[in-house]
Amino acid sequence: MDFITILKQKLRAKEIRVLLENFFSLSALQIFGYVLPLITLPYLVRVLGVEKYGLVAFANSFVAYFQMLTDYGLYLSAIREVSVHREDKQQLNKIFSTVMIIKSILLAVSFLILLVIVFGFSKFSANWELYLFAFGLVIGSVLFPVWFFQGMEKMKYSTILNILSQVIFTLAIFVFIRVESDFIYVPLINSLGFIVAGVLSLVLVYRNFGIRLVRPELSFLWETFKDSTQFFLSRASVSIYTSSNAFFLGLFTSPTLVGYYSAAEKLYIAAQGLYGPLIQSIYPFMAHKQNISLYKKIFKIIVLLTIAFSVILILMSGFLVDLLFGADFQASVDVFRIFCIALLVVAPSQLIGYPFLAALGYPKYANLSVIVGSIVHIIMLAILALTLYLNIYSVAILVCITETVVLILRLYGIKVHNLWK
Numbered sequence: 018m019d020f021i022t023i024l025k026q027k028l029r030a031k032e033i034r035v036l037l038e039n040f041f042s043l044s045a046l047q048i049f050g051y052v053l054p055l056i057t058l059p060y061l062v063r064v065l066g067v068e069k070y071g072l073v074a075f076a077n078s079f080v081a082y083f084q085m086l087t088d089y090g091l092y093l094s095a096i097r098e099v100s101v102h103r104e105d106k107q108q109l110n111k112i113f114s115t116v117m118i119i120k121s122i123l124l125a126v127s128f129l130i131l132l133v134i135v136f137g138f139s140k141f142s143a144n145w146e147l148y149l150f151a152f153g154l155v156i157g158s159v160l161f162p163v164w165f166f167q168g169m170e171k172m173k174y175s176t177i178l179n180i181l182s183q184v185i186f187t188l189a190i191f192v193f194i195r196v197e198s199d200f201i202y203v204p205l206i207n208s209l210g211f212i213v214a215g216v217l218s219l220v221l222v223y224r225n226f227g228i229r230l231v232r233p234e235l236s237f238l239w240e241t242f243k244d245s246t247q248f249f250l251s252r253a254s255v256s257i258y259t260s261s262n263a264f265f266l267g268l269f270t271s272p273t274l275v276g277y278y279s280a281a282e283k284l285y286i287a288a289q290g291l292y293g294p295l296i297q298s299i300y301p302f303m304a305h306k307q308n309i310s311l312y313k314k315i316f317k318i319i320v321l322l323t324i325a326f327s328v329i330l331i332l333m334s335g336f337l338v339d340l341l342f343g344a345d346f347q348a349s350v351d352v353f354r355i356f357c358i359a360l361l362v363v364a365p366s367q368l369i370g371y372p373f374l375a376a377l378g379y380p381k382y383a384n385l386s387v388i389v390g391s392i393v394h395i396i397m398l399a400i401l402a403l404t405l406y407l408n409i410y411s412v413a414i415l416v417c418i419t420e421t422v423v424l425i426l427r428l429y430g431i432k433v434h435n436l437w438k
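If you number the sequence shown the way the numbering used here does, the last residue is 438 and the count never jumps.
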């Protein structure tokens, strides 16, 4: 075996090792991110009750729109830029500073919009503290440059800090939330955990990576903003057809129904989180190396595992809901079963999206698919609301329809460009 062959094998082994390291870091983050809330959730729903838990879920869905706005697609575009320029410290300083400046401006705009809505409409002003406390989640997400760690493929830093924030939240819930009227403090506790993690992450970026804030040219700021727009439309569309469900239910039905729906959705999101780390770690890897053969192997394994996992979840749905939420949440069982069907579509769709299509230079299909899906979703939500068919079951079925539309459009992109060679 010659020197060149040995060198290639070592480089390939290193690439896979980096991919696995980031996968396990993201897996640890996802496990803690979903296990810790599932520890507090049974306690919260029993102390707060279905209605107050629904109010908290409604507030979270409301501020999710502002998280979407402050992200502005910068998450995905910044990962790509950091990944490409990771060896150029000067360029990294410029990228980091630009992203943080844009996010800070969008944060200020978001807060002004929040104040107008909260104090301008009685449905929000009745619990104005709840929404202001929940806005801390937006501040925390702006401060935390997870896109930088992911682009550098150093997710262990992000993992440790995220776990720290969630441990703080978990402990604080048991200490400070004692009676139903304490529901107002749940988003405050959650926000403080994220803000602390965000501040510590900036310290890490400064000390461990030597990143410094610089003054980027206005032209570079504008170009970065414009470049992120294509990703913003996609990310915004995803937020619209995920966050809008609880939000619409809160506007047109009752906090109790929001509570039932959000409980089932929590389990659905936790199930998605099992393959989420792989998707997040594949994207920068594929953008950098474009190893299609390795990707195809991972894709087949994940799809097969998802099928088996979905069947198991459907069979255990009644037990899981009763264990985590109690007998008062039986209405959530069938909603969760519908979500389990959606998992069969979501897994391949997410794997095909940014980790494959965008990484290979065809982001328009990944972006356009969710934009179209979002339009379909919002139109159908409006129709359901106007025809009085808006309920927890019809919304869950609509999620399945929307995700199927997204998958079909992404498969079309692969077929058109013959990418699945």
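Where a beta carbon is used, it is the ideal one built from N, C-alpha and C, also for glycine.
Residue environment, residue i, which counts as buried when at least 16 other CB atoms sit within 10 Å
i, result
"residue 236", "exposed"
"residue 88", "buried"
"residue 252", "buried"
"residue 160", "buried"
"residue 404", "exposed"
"residue 111", "buried"
"residue 58", "buried"
"residue 123", "buried"
"residue 193", "exposed"
"residue 5", "Shown here, the chain extends from 18 to 438; a query on residue 5 therefore has no answer."
"residue 435", "exposed"
"residue 107", "exposed"
Whole-angstrom C-beta distance between residue j and residue i, which should lie under 8 Å
i, j, result
"residue 334", "residue 353", "5 Å"
"residue 274", "residue 319", "That pair is no contact at about 33 Å."
"residue 407", "residue 270", "7 Å"
"residue 440", "residue 258", "Since the first residue of the chain shown is 18 and the last is 438, residue 440 is not available in this structure."
"residue 299", "residue 324", "Their Cβ separation, rounded to whole angstroms, is 20 Å, which puts residue 299 and residue 324 out of contact at 8 Å."
"residue 155", "residue 80", "6 Å"
"residue 214", "residue 181", "6 Å"
Endpoints, alpha helix (DSSP H) assigned at residue i
i, result
"residue 160", "153-160"
"residue 126", "106-137"
"residue 367", "348-369"
"residue 97", "91-101"
"residue 179", "172-193"
"residue 218", "203-225"
"residue 328", "309-342"
"residue 288", "272-289"
Cβ shell of residue i (< 6 Å), same chain only, five flanking positions each side left out
i, result
"residue 386", "423, 426 and 427"
"residue 117", "none"
Pick from the options that is closest to residue i, judged by C-alpha positions
i, options, result
"residue 67", "54, 342 and 249", "342"
"residue 204", "92, 145, 244 and 216", "145"
"residue 279", "363, 383 and 350", "350"
"residue 173", "379, 263, 371 and 222", "222"
"residue 82", "233, 254 and 241", "254"
"residue 322", "365, 311, 344 and 232", "365"
"residue 286", "311, 93, 395 and 416", "416"
"residue 380", "244, 398 and 102", "244"
"residue 75", "218, 128, 262 and 153", "262"
"residue 233", "371, 63, 375 and 119", "119"
Cut-off 7 Å between Cβ atoms - residues of its own chain near residue i, not counting five sequence neighbours on either side
i, result
"residue 72", "144, 147, 200 and 272"
"residue 231", "110, 111 and 114"
"residue 402", "265 and 269"
Neighbourhood of residue i by C-beta distance below 8 Å, restricted to the same chain and skipping five residues each side
i, result
"residue 153", "204, 205, 207, 208, 209, 211 and 212"
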